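Protein sequences, first through last, are from chains A and B. Just so it is clear: in the first sequence, position 147 is 180 by this note's numbering, and no numbers are missing. Just so it is clear: in the second sequence, position 161 is 232 by this note's numbering, and no numbers are missing. Here a beta-carbon is modelled for each residue, glycine too, at the ideal position from N, C-alpha and C. No experiment lies behind these values; they were computed from the predicted model shown. Take a look at the structure set out below.
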Amino acid sequence: MSGAGFENLKTLIVEDNAHMRSLLRALLNSAGIKDIADAPNGVAAIHMLRERKSDLVLTDMAMQPMDGIEFTRHVRTSDASPNPFVPIIMITGHTEKHRVEAARDAGVTELLAKPITAANLFSRIAEIVERPRAFVRSDNYFGPDRRRHQPEDYAGPWRRSGDFQDVSVQ
Amino acid sequence: MTEKSARIIPPGSYPQMLSRADAARAMRTLRAPETAARAALVMENSRPALRAAVLALVASMEQAGADMARVHETVREIRGMAETAGLASTGRIAEVLCRYMDDMARIGHPPDQTITALHVSAIARAARAEKDDARMGERVAAELAALVSRKLTEARGGPGAQP
């Protein structure tokens, strides 16, 4: 049963630190995820995404010349993006509130705080598999719904005045 | 579409990471004890290389001297890798220094060089210790955090601030 379920999954790791890249690759391998490409920064990752289909992206936040937030924004909103819906797990040691909000607003699917543990990495992947998020397209945002927990029978109160009447389901 | 309007795209109407059949099998794999055992071995085997990388970063941070931007960038890298490398004490002290430097940047003050040097020295000692002494590291981190807290209060001009 080793690796069952992940035979067709293509993953991209975007990380500037070779040691962390290697650790992530080995951890994914241990779950049977074998089809893995990697890139040292956002610019290289964009090229990689155009050349090779990816079903899951793991990206670091702090990189040069393009960081994980800018990369995520590009994947979500660029006309040239091959898959704006691809799940993106952002890995970061920067857990200050403003950075977490910036990552969320760029459209990351899951955030994984360092130090990396196998359990935390696998739980983020499991979350994507088990509870895929709806996407939201508005004038100033495209990405996974940032309001993660919304019961189906929730009747308000709504956070924004136009919340209910302006939302349409595709 | 107005500023407040939004279109919801439900999960069923865009391509998913895995097919339904693969997803069920993948979840069993992720939860399997043998997967956890293999991953634990990966973590264990990765530690020597990660630890060497942290030590290289520590040396680079020591060489940075008064270059606070370089210290800040390097200590962030150390914070991100140290605990994964099994250097819990190093990670905790690096976390204190990161927060201090982040907070000082936020309030528009340069970090105090003596405070920074004290942390750099503590990080270096913790990283080079033969064995990670978590209790000692905890104590050092707590003392440095208290010092940082006082210095931040001073920098903000709060109660107890030096004239």
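Provide the residue span of the alpha helix (DSSP H) that contains Val119 of chain A, from first to last. Reading the first sequence from its first residue, position 86 is the one you call residue 119 of chain A. No alpha helix (DSSP H) contains Val119 of chain A, which DSSP labels as neither H nor E.
Are there 16 or more other CB atoms within 10 angstroms of the CB of Ser160 of chain B, so buried, or fewer, so exposed? On the second sequence, residue 160 of chain B is found 89 positions in, with the first residue counted as 1. By the 10 Å Cβ count, Ser160 of chain B comes out buried.
Does the beta carbon of Arg147 of chain B come closer than 9 angstroms to any beta carbon on chain A? Taking the first residue of the second sequence as 1, we reach residue 147 of chain B at position 76. With 9 angstroms as the cut-off, Arg147 of chain B counts as an interface residue toward chain A.
Three CB pairs or more closer than 8 angstroms across the stretch 86–103 of chain B and the stretch 123–141 of chain A: Pairwise C-beta distances place the stretch 86–103 of chain B out of contact with the stretch 123–141 of chain A, as fewer than three of them are shorter than 8 angstroms.
Would you kindly work out how many angstroms separate the C-alpha atoms of Val129 of chain B and Leu57 of chain A, rounded to a whole number? For the purposes of this step, residue 129 of chain B is taken as the residue at position 58 of the second sequence. For the purposes of this step, residue 57 of chain A is taken as the residue at position 24 of the first sequence. Rounded to whole angstroms, Val129 of chain B to Leu57 of chain A spans 22 angstroms at the Cα level.
Should the stretch 65–80 of chain A be called in touch with the stretch 45–57 of chain A, which here means at least 3 C-beta pairs below 8 angstroms? Short answer: they touch.
Look at the Cβ atom of Gly140 of chain A, then the Cβ atom of Thr110 of chain A, and state whether they are nearer than 9 angstroms. Taking the first sequence and counting its residues from 1, one reaches residue 140 of chain A at position 107. Taking the first sequence and counting its residues from 1, one reaches residue 110 of chain A at position 77. It is a contact, given that the beta carbons lie within the stated cut-off.
Quick one: which unbroken alpha helix (DSSP H) runs of 4-plus residues sit fully inside the stretch 75–111 of chain B? Chain order, please. DSSP runs (the alpha helix (DSSP H)) wholly in the stretch 75–111 of chain B: 91–102.
Give every residue of the same chain whose Cβ lies closer than 7 angstroms to the Cβ of Pro86 of chain B, excluding the five residues on either side of it in the sequence, and list them in chain order. For the purposes of this step, residue 86 of chain B is identified with residue 15 of the second sequence, where counting begins at 1. Exclusion of the five residues before and after Pro86 of chain B leaves no residue of its chain whose Cβ lies closer than 7 angstroms to its Cβ.
Where the beta strand (DSSP E) containing Ala146 of chain A begins and where it ends: On the first sequence, position 113 is the one that residue 146 of chain A refers to. Per DSSP, Ala146 of chain A belongs to the beta strand (DSSP E) from 143–146.
If you measure between the beta carbons of Thr105 of chain A and Ala146 of chain A, is that distance less than 9 angstroms? The count along the first sequence starts at 1 and reaches residue 105 of chain A at position 72. The count along the first sequence starts at 1 and reaches residue 146 of chain A at position 113. For Thr105 of chain A and Ala146 of chain A, no; Cβs fall outside 9 angstroms.
Would you identify the three-state DSSP class for Asp156 of chain A, choosing helix, strand or coil? For the purposes of this step, residue 156 of chain A is identified with residue 123 of the first sequence, where counting begins at 1. What sits at residue 156 of chain A in the sequence shown is Ser, not Asp. In the three-state DSSP reduction, Ser156 of chain A falls in the helix class (H, G or I).
Enclosing alpha helix (DSSP H) for Arg83 of chain A [first to last residue]: Residue numbering aside, residue 83 of chain A sits at position 50 when the first sequence is read from its first letter. Here the alpha helix (DSSP H) through Arg83 of chain A covers 75–84.
According to DSSP, simplified to helix, strand and coil, what is Lys222 of chain B? Along the second sequence, read from residue 1 onward, the residue named residue 222 of chain B stands at position 151. Here Lys222 of chain B sits in helix by DSSP.
Proximity below 9 angstroms, CB of Thr248 of chain A to CB of Ile69 of chain A: Because chain A is modelled from 34 through 203, residue 248 of chain A falls outside the range shown and cannot be assessed.
How is Ala135 of chain B classed by DSSP in three states: helix, strand or coil? Working through the second sequence from its first residue, we reach residue 135 of chain B at position 64. If DSSP states are grouped into helix, strand and coil, Ala135 of chain B belongs with the helices.
If you draw a straight line from the alpha carbon of Arg170 of chain B to that of Ala51 of chain A, how long is it in whole angstroms? In the second sequence, counting from the first residue as 1, residue 170 of chain B sits at position 99. In the first sequence, counting from the first residue as 1, residue 51 of chain A sits at position 18. Roughly 25 angstroms between the two C-alpha positions.
Any non-hydrogen atom of the ligand GDP closer than 8 angstroms to Thr106 of chain B Cβ: By its list of ligands, the structure shown contains no ligand whatsoever, and the ligand GDP lies outside what it can speak to.
Through-space distance from Glu148 of chain B to Arg141 of chain B, alpha-carbon basis: Within the second sequence, the letter at position 70 stands for residue 141 of chain B. Within the second sequence, the letter at position 77 stands for residue 148 of chain B. When rounded, the distance between both Cα atoms is 11 angstroms.
Could you check how far apart the C-beta atoms of Leu42 of chain A and Leu89 of chain A are, in whole angstroms? I think they sit under 8 angstroms. Numbered from its first residue, the first sequence carries residue 42 of chain A at position 9. Numbered from its first residue, the first sequence carries residue 89 of chain A at position 56. That belief holds up - the Cβ atoms of Leu42 of chain A and Leu89 of chain A are roughly 6 angstroms apart, short of 8 angstroms.
In chain B, which residues lie less than 7 angstroms from Phe168 of chain A when you measure between Cβ atoms? As a first step, residue 168 of chain A must be located in the first sequence, where it is residue number 135. Here the neighbours are Ile80, Tyr85.
Beta-carbon separation of Val167 of chain B and Ala212 of chain B under 9 angstroms? Locating residue 167 of chain B in the second sequence gives position 96, where the first residue counts as 1. Locating residue 212 of chain B in the second sequence gives position 141, where the first residue counts as 1. The criterion of a C-beta distance shorter than 9 angstroms is satisfied by Val167 of chain B and Ala212 of chain B.
The stretch 140–151 of chain A: which residues have C-beta closer than 8 angstroms to a C-beta of chain B, in chain order? Cβ contacts with chain B come from Lys147, Pro148, Ile149, Thr150, Ala151.
Beta carbon of Ile186 of chain B nearer than 9 angstroms to that of Leu218 of chain B: For the purposes of this step, residue 186 of chain B is taken as the residue at position 115 of the second sequence. For the purposes of this step, residue 218 of chain B is taken as the residue at position 147 of the second sequence. Less than 9 angstroms separates the beta-carbon of Ile186 of chain B from that of Leu218 of chain B.
Who are the Cβ neighbours of Lys86 of chain A in its own chain at under 8 angstroms, not counting the five residues just before and after it? By 1-based counting over the first sequence, the position of residue 86 of chain A is 53. For Lys86 of chain A, where only same-chain residues beyond five positions count, the Cβ hits under 8 angstroms are Lys43, Pro115, Asn116.
With 9 angstroms as the threshold, decide whether the Cβ of Arg96 of chain B is near any Cβ in chain A. Within the second sequence, residue 96 of chain B is the residue found at index 25, counting from 1. Interface residue, yes.
For Asp173 of chain B and Leu223 of chain B, believed in contact at Cβ under 8 angstroms, the rounded distance: Within the second sequence, the letter at position 152 stands for residue 223 of chain B. Within the second sequence, the letter at position 102 stands for residue 173 of chain B. Contact flag wrong, Cβ pair sits at about 11 angstroms.
Is there a Cβ of chain A sitting closer than 9 angstroms to that of Glu225 of chain B, yes or no? By 1-based counting over the second sequence, the position of residue 225 of chain B is 154. So, not an interface residue.
Residue burial classification, Asn74 of chain A (beta-carbon count within 10 angstroms, cutoff 16): Reading the first sequence from its first residue, position 41 is the one you call residue 74 of chain A. With at least 16 other beta carbons inside 10 angstroms of its own, Asn74 of chain A counts as buried.
Should Ser63 of chain A go down as buried or exposed, given a rule of 16 or more other Cβ atoms within 10 Å for buried? Mapped onto the first sequence, residue 63 of chain A falls at position 30. Ser63 of chain A counts as buried, since no fewer than 16 other beta carbons sit within 10 angstroms of its beta carbon.
Between Ser117 of chain B and chain A, is the shortest Cβ-Cβ distance under 9 angstroms, so that the two count as touching? Along the second sequence, one-based indexing puts residue 117 of chain B at 46. Closer than 9 angstroms: yes.
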